[in-house]
Every structure is written in structure tokens, then in C-alpha cells.
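Student:
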Amino acid sequence: MTTLPTPSAHAPDTSIYDRRESQVRSYSRAMPRQFGRAEGVWLHDSKGGRYLDFLSGCASLNYGHNHPVLKKALIDYIARDGVTHSLDLHTEAKARFLRTFEEVILEPRGLDYRAMFTGPTGTNAVEAAIKLARKVTGREMVIAFTNGFHGMTLGALACTGNAGKRSGAGVPLSHVSHEPFDGYHGPEVDTADLLEQRLSDPSSGLDAPAAFLVETVQGEGGLNAASPEWLRRIAAIARKHGALLIVDDIQAGCGRTGSFFSFDGMGFTPDIVTLAKSLSGMGLPFALTLMRPELDQWAPGEHNGTFRGNNHAFVTATAALREFWADPAFADDIARRGGILERRLERMALRHGLSTRGRGMMRGIDVGSGEIAGKITSACFAQGLIIETSGAHDEIVKVLAPLVIDDAVLNAGLDILEKSVADACPQVLKNNADDRPGMPLGVAA
Ligand code: PLP
Numbered sequence: 014m015t016t017l018p019t020p021s022a023h024a025p026d027t028s029i030y031d032r033r034e035s036q037v038r039s040y041s042r043a044m045p046r047q048f049g050r051a052e053g054v055w056l057h058d059s060k061g062g063r064y065l066d067f068l069s070g071c072a073s074l075n076y077g078h079n080h081p082v083l084k085k086a087l088i089d090y091i092a093r094d095g096v097t098h099s100l101d102l103h104t105e106a107k108a109r110f111l112r113t114f115e116e117v118i119l120e121p122r123g124l125d126y127r128a129m130f131t132g133p134t135g136t137n138a139v140e141a142a143i144k145l146a147r148k149v150t151g152r153e154m155v156i157a158f159t160n161g162f163h164g165m166t167l168g169a170l171a172c173t174g175n176a177g178k179r180s181g182a183g184v185p186l187s188h189v190s191h192e193p194f195d196g197y198h199g200p201e202v203d204t205a206d207l208l209e210q211r212l213s214d215p216s217s218g219l220d221a222p223a224a225f226l227v228e229t230v231q232g233e234g235g236l237n238a239a240s241p242e243w244l245r246r247i248a249a250i251a252r253k254h255g256a257l258l259i260v261d262d263i264q265a266g267c268g269r270t271g272s273f274f275s276f277d278g279m280g281f282t283p284d285i286v287t288l289a290k291s292l293s294g295m296g297l298p299f300a301l302t303l304m305r306p307e308l309d310q311w312a313p314g315e316h317n318g319t320f321r322g323n324n325h326a327f328v329t330a331t332a333a334l335r336e337f338w339a340d341p342a343f344a345d346d347i348a349r350r351g352g353i354l355e356r357r358l359e360r361m362a363l364r365h366g367l368s369t370r371g372r373g374m375m376r377g378i379d380v381g382s383g384e385i386a387g388k389i390t391s392a393c394f395a396q397g398l399i400i401e402t403s404g405a406h407d408e409i410v411k412v413l414a415p416l417v418i419d420d421a422v423l424n425a426g427l428d429i430l431e432k433s434v435a436d437a438c439p440q441v442l443k444n445n446a447d448d449r450p451g452m453p454l455g456v457a458a
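Under the numbering used here, think of the first position of the sequence shown as 14, with each following residue one higher.
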């Protein structure tokens, strides 16, 4: 199998988009091609070009495009006229998903959650989570964190830090306090101490919170990975002050950081968890809010919606859980590939005096400015590598390769990234990092 992308040289006619699609479109501006087919780690454009996908639908295609097992499950289901739309009626597909989720994900972890099928996007799951926390606690204020990203609907947007995203709201975004995330004030300052101090001080001006809403690794906010110690402190502080802990695992979950939940094995249990993106396994819209059973205080229909529970997504999500998560070897695979990614990004960082961010297969390199990061991602795209940025200034080049990527293809993509970083950033070390002990090339084990 060839590992190299073969991009097409010329952009197609995009006048229909200019004429009829809203200005709000974004990714297509940086990648002006028209795609028609996709399989595994590859996207194909209408001119015969082939692109390596290190964006994976922003972590919604952790198992790659059109995985054959998932695709077959869906085709079989459609072929036998399985229910497509059902509001929230009981369906065979839903029952199978719930049983599989219980058996493969919850029981082995000793977790007891109820699942709420919200509207099909991540922001819907976040809305449900914060509404529920406010309802159960009778409090209004939510603690979110600097650089957090939680979605575009008004409640979730109020919890999002990014000014550019917030500016689209058109109304005040309120009832949220944005407290410093782990490391926000540098390594010397424990921001959990700051939060504890503010919550314990009756004169701090901070109202008693309904919930803390946190990402363990901030996806859009710059791949800032909170330490397990900080997260445990945050969980303990939430409990002490009567707030619910909501982990937004929409981007970091479903294996992106190495295990199904990004908090697995960290020694705390969130009260509420949100999942979406890769949950369906095939890029189908599907979101879930998990809650401890005693928090399930909704009245029937109190949080309603036409598209709650997507039967096609139930089918593919069930297939993905069986295919990948029933066997612990998958997590070992992610760890090994995450190690390759880590070593190669570290090597680039060392060469150019930069730093890396992230955890597992959710990592990136901080190249200092959005301008440089943009040059790098454009150069990558010209060589057939689809890759994006994140961070407050878009200064992090972020690698979200499919978790199932072949090691040789991963390395081929990282070669393109490495060359593009080298072209855009000055070399700061005389000895290049290849020669340094302890910095091996990220070759397949
Ligand atoms: N929460 C996190 C952590 C996310 O990364 C995102 C999307 O990037 C969302 C929520 C919102 O998800 P969606 O775009 O599906 O509404």
C-alpha cells in the first residue's frame, strides 16, 4: 500500500458555494477542493486527488472514514428496512446500543450512568448537561474554564471562552464564570487552589455554582491537557461546594486520548458526562448526556426534540463498541501510536525551540502564532495532508489522525508536517534531534 497522498493541483469551480452557501463556512476556505469519496484515512476529491486526513472530522471519525464493519452493519440495517427515525420510541437498534454500552463500556469500569439522547450534536448534549445541573441543584451559575470550548448554542456558548465564537451570540452570555484552567498562570500557580480560595471566600463575589464544566484535554482551546492531580482536585472542590462535575468528553472521549473516557483510571467519577463526535463511529450525528441515576430528575419530555436518538447512529455506534472496545488491545494500539506521535512532535519542537501539547492521539505543536500555523497547514494541504489549528490564536497545529491509522501512513503524514514546520520555523539547535539519544524516530514497533 502506498502511504503518500497525491493532491490535485487545481481547485475545482466553487462558484455554487460562493453564490448559494453562507459566508459562515470555514474549513472549506482553507481546503478549497470538492470531496466525493472517503475510505479509512483518505479523502478523495473530484479531480482524482487523494488526501491524508489528520483532521478526522475534528475527531468525529476516530475509526476512519466508512470503516467496513460499521458500513456493513448500517447497509444491512437499511436493507432490512430498520427504523430510521423514531423520535424517542423504543427501537431494537436503541436497545442493542444501550445493552452494548452497558456491557462494553459501563460495567467493566464500574460506572452507573443513565443515558439521555439529546439532539444530535455535541452542543445539544452540553445544553442538556448544564440545564440538568441547574435544575437539580437549584443554582444558576456554572464554572467553566479559560480556553474551554463547549459548542455554539447559547448555553454552551456562554461556557465557551473564545471571543470570536462568543461574538456571534447577539445577546449577553451570562450565568457562567470562566476560571483559570490547569496551567493557565504557568507551572508555578495551582489554579485549583485559586478556585478553592474564591469559592471558600464569602466575599469573592462568586456565586455558589450548579456545576463545573471541564474538558480533560481542551480540543479547540489549544490541546491543553489537565493533569490527573488537577482534575482530582477539581472533582473534590466541586463536591465540597455542592456543584456537579460535568466532563465534556465530546472531543477527548471515544478513545482520542487513549481510553474510551478521557478520565478513565484517573480516580474520580464525573456526575455528568457528554459524548458526541466519534460516538457513532461513522460521522453520523449522535450525542449523549450520561448522568448518575439519582440526577435523572427530568420530567418526561422536559428536554425534548425531534431528533433525539438516531437509529442509524445506534447501529454504527454498537458496531464500533463491539469492533474496537470489547478488546483491550485497541487501547494498547492507541497508546503505541500516541507514542509515535509524541516522539515525532517532540523532535520537531526540539529542533525549532517550540513546545508540544496534548495526550494520546490528541496532540499538537505550538508554533507561536496563528500566522505561522496557517502557513504550515497550507503547506501541508498543498502536499495532500489535511490538518488544522486550534488555540486562542490558532497557534497550535493539531494532529487528529484516525486512531486506526497504519504506523507507516502516520509517519508519512508526520514527514509532511515536519517538513512544513521546518520551512516555516527557524532551526534553533545545531545538533539535529535525530542524533540525540532518547529521541528515536517514530518508526513502527
Ligand atoms: N464540546 C467540545 C469539547 C467540543 O470539542 C465540541 C466541538 O468541537 C463541542 C462540545 C460541540 O460539539 P458540536 O460541534 O457537535 O455541537
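For glycine and all other residues, C-beta sits at the position ideal for the given N, C-alpha and C.
Would you kindly work out how many angstroms separate the C-alpha atoms of A223 and A146, rounded to a whole number?
Tutor: Locating residue 223 in the sequence shown gives position 210, where the first residue counts as 1. Locating residue 146 in the sequence shown gives position 133, where the first residue counts as 1. If you take the alpha carbons of A223 and A146, they lie about 6 Å apart.
Student: Would A265 and T319 be called neighbours here (beta carbons separated by less than 9 Å)?
Tutor: Here the question's residue 265 lines up with position 252 in the sequence shown. Here the question's residue 319 lines up with position 306 in the sequence shown. Cβ atoms of A265 and T319: not closer than 9 Å.
Student: Let me know the secondary structure DSSP gives A223 once reduced to three states.
Tutor: As a working note, residue 223 is residue 210 in the sequence shown. Of the three classes helix, strand and coil, the one that applies to A223 here is strand, per DSSP.
Student: Between N137 and the ligand PLP, is there a pair consisting of the residue's CB and a ligand heavy atom that are separated by less than 8 Å?
Tutor: The count along the sequence shown starts at 1 and reaches residue 137 at position 124. Yes - the ligand PLP has a heavy atom lying nearer than 8 Å to the Cβ of N137.
Student: So, at 7 Å on beta carbons, what are the nonlocal neighbours of R449 in its own chain, with the 5 sequence-adjacent residues on each side left out?
Tutor: Residue mapping note: residue 449 aligns to position 436 of the sequence shown, counting from 1. Below a pLDDT of 50, predicted positions are generally treated as unreliable, and R449, at 45, falls in that range; no measurement from the model is reported.
Student: Could you check whether the Cβ of H406 sits closer than 8 Å to any heavy atom belonging to the ligand PLP?
Tutor: Counted from its first residue, the sequence shown places residue 406 at position 393. False, no ligand heavy atom lies under 8 Å from that Cβ.
Student: Compute the Euclidean distance between the alpha carbons of I418 and V54, then round it to the nearest angstrom.
Tutor: Counting from 1 along the sequence shown, the entry for residue 418 is found at position 405. Counting from 1 along the sequence shown, the entry for residue 54 is found at position 41. Their Cα atoms are separated by approximately 7 Å.
Student: Could you check whether the Cβ of H163 sits closer than 8 Å to any heavy atom belonging to the ligand PLP?
Tutor: In the sequence shown, residue 163 corresponds to position 150, counting from 1. Answer for H163: yes, Cβ within range of the ligand PLP.
Student: For R42 and I247, I'd like the C-alpha separation in whole angstroms.
Tutor: By one-based count along the sequence shown, residue 42 stands at place 29. By one-based count along the sequence shown, residue 247 stands at place 234. Their Cα atoms are separated by approximately 39 Å.
Student: Whose C-alpha, out of L212, A106, G123 and V441, is nearest the C-alpha of R465?
Tutor: No statement about residue 465 is possible, as the shown extent of the chain runs from 14 to 458 and does not include it.
Student: What residue from L308, P298, L334 and T302 has the CA that sits closest to N324's CA?
Tutor: By 1-based counting over the sequence shown, the position of residue 324 is 311. Comparing Cα positions, the closest option is P298.
Student: Given the structure, does Q36 come close to the ligand PLP, in the sense that its CB is under 8 Å from one of the ligand's heavy atoms?
Tutor: Taking the first residue of the sequence shown as 1, we reach residue 36 at position 23. Not under cutoff, so the answer is no.
Student: With 16 other CB atoms within 10 Å as the buried threshold, where does D309 fall?
Tutor: As a working note, residue 309 is residue 296 in the sequence shown. Under this definition D309 is an exposed residue.
Student: I'd like to check one pair, C71 with L288: are the Cβ atoms closer than 9 Å?
Tutor: Here residue 288 is taken as the residue at index 275 of the sequence shown, counted from 1. Here residue 71 is taken as the residue at index 58 of the sequence shown, counted from 1. Going by C-beta atoms, L288 is not nearer than 9 Å to C71.
Student: Please state if the CB of G294 and the CB of A348 are separated by a distance shorter than 9 Å.
Tutor: Start at 1 with the first residue of the sequence shown, and residue 348 comes out as number 335. Start at 1 with the first residue of the sequence shown, and residue 294 comes out as number 281. No, Cβ-Cβ distance for A348 and G294 is not below 9 Å.
Student: According to DSSP, is I156 part of a helix, a strand, or is it coil?
Tutor: By one-based count along the sequence shown, residue 156 stands at place 143. In this structure, I156 counts as strand in the three-state DSSP scheme.
Student: Is the distance from the Cβ of I378 to the Cβ of T390 below 9 Å?
Tutor: Residue 378 sits at position 365 when you count from the first residue of the sequence shown. Residue 390 sits at position 377 when you count from the first residue of the sequence shown. Not a contact, by the Cβ cut-off of 9 Å.
Student: Please find out if some non-hydrogen atom of the ligand PLP comes closer than 8 Å to the beta-carbon of C267.
Tutor: As a working mapping, residue 267 is identified with position 254 in the sequence shown. Answer for C267: no, Cβ out of range of the ligand PLP.
Student: Can you grab the Cα-Cα spacing for the pair C393 / E209, in whole Å?
Tutor: On the sequence shown, residue 393 is found 380 positions in, with the first residue counted as 1. On the sequence shown, residue 209 is found 196 positions in, with the first residue counted as 1. Computed Cα separation, rounded: 44 Å.
Student: Would you kindly work out how many angstroms separate the C-alpha atoms of L124 and R50, rounded to a whole number?
Tutor: On the sequence shown, residue 124 is found 111 positions in, with the first residue counted as 1. On the sequence shown, residue 50 is found 37 positions in, with the first residue counted as 1. Rounded to whole angstroms, L124 to R50 spans 39 Å at the Cα level.
Student: In the DSSP assignment, what are the bridge partners of I409?
Tutor: Translated into positions along the sequence shown, residue 409 becomes position 396. Paired residues: D379 and S403.
Student: Within the same chain, show all residues whose beta-carbon is closer than 6 Å to that of R245, passing over the 5 residues directly before and after it, in chain order.
Tutor: The sequence position of residue 245 within the sequence shown is 232, counting from 1. Result list for R245: G280 and F281, in chain order.
Student: Short check: CB of A157 to CB of T302, under 9 Å?
Tutor: One-based indexing of the sequence shown puts residue 157 at position 144. One-based indexing of the sequence shown puts residue 302 at position 289. No, the pair does not count as a contact, with Cβ atoms beyond the cut-off.
Student: Measuring alpha carbon to alpha carbon, tell me which of H406, A405 and G352 ends up nearest L427.
Tutor: Residue mapping note: residue 427 aligns to position 414 of the sequence shown, counting from 1. The residue with the shortest Cα to Cα distance from L427 is G352.
Student: Residue range of the beta strand (DSSP E) that D66 falls in?
Tutor: By 1-based counting over the sequence shown, the position of residue 66 is 53. Element bounds for D66: R63 to D66.
Student: For S368, write down the residues that DSSP places opposite it in a beta bridge.
Tutor: The residue you call residue 368 lines up with position 355 of the sequence shown. According to DSSP, which records beta bridges pairwise, S368 is partnered with D379.
Student: Is G232 near the ligand PLP - that is, is its Cβ less than 8 Å away from at least one heavy atom of it?
Tutor: Mapped onto the sequence shown, residue 232 falls at position 219. For the ligand PLP, at least one heavy atom lies less than 8 Å from the Cβ of G232.
Student: Taking the C-alpha atoms as reference points, what is the distance between P25 and K388?
Tutor: Position 12 of the sequence shown, counted from the start, is the residue given in the question as residue 25. Position 375 of the sequence shown, counted from the start, is the residue given in the question as residue 388. Distance between the alpha carbons of P25 and K388 is about 22 Å.
Student: Alpha carbons only, please: which of L17, T15, S21 and T16 is nearest the one belonging to A395?
Tutor: Counting from 1 along the sequence shown, the entry for residue 395 is found at position 382. The candidate whose alpha carbon is nearest that of A395 is S21.
Student: What does the alpha-carbon distance come out to for the pair H316 and I259?
Tutor: Sequence index remark: in the sequence shown, residue 316 carries index 303 (1-based). Sequence index remark: in the sequence shown, residue 259 carries index 246 (1-based). So the alpha carbons of these two residues sit roughly 18 Å apart.
Student: Which class does S59 belong to by DSSP, given the choice of helix, strand or coil?
Tutor: For the purposes of this step, residue 59 is taken as the residue at position 46 of the sequence shown. If DSSP states are grouped into helix, strand and coil, S59 belongs with coil.
Student: With DSSP run on the structure shown, which of helix, strand or coil describes V456?
Tutor: For this step, residue 456 is matched to residue 443 along the sequence shown. Below a pLDDT of 50, predicted positions are generally treated as unreliable, and V456, at 39, falls in that range; no measurement from the model is reported.
Student: Check whether the Cβ atoms of Y76 and F337 sit closer than 9 Å, and answer yes or no.
Tutor: Walking along the sequence shown from the start, residue 76 turns up at place 63. Walking along the sequence shown from the start, residue 337 turns up at place 324. Taking 9 Å as the Cβ cut-off, Y76 and F337 qualify as a contacting pair.
Student: Let me know the beta strand (DSSP E) ranges lying completely inside the stretch 66-133, each 3 residues or longer, listed in chain order.
Tutor: You should have 127-130.
Student: For P283, is the classification buried or exposed, using 16 other Cβ atoms within 10 angstroms of its Cβ as the cut-off for buried?
Tutor: Here residue 283 corresponds to residue number 270 of the sequence shown, with the count starting at 1. It counts as buried.
Student: Cα separation between S69 and P415?
Tutor: To locate residue 69, count along the sequence shown from 1; it is residue 56. To locate residue 415, count along the sequence shown from 1; it is residue 402. So the two alpha carbons sit approximately 6 Å from each other.
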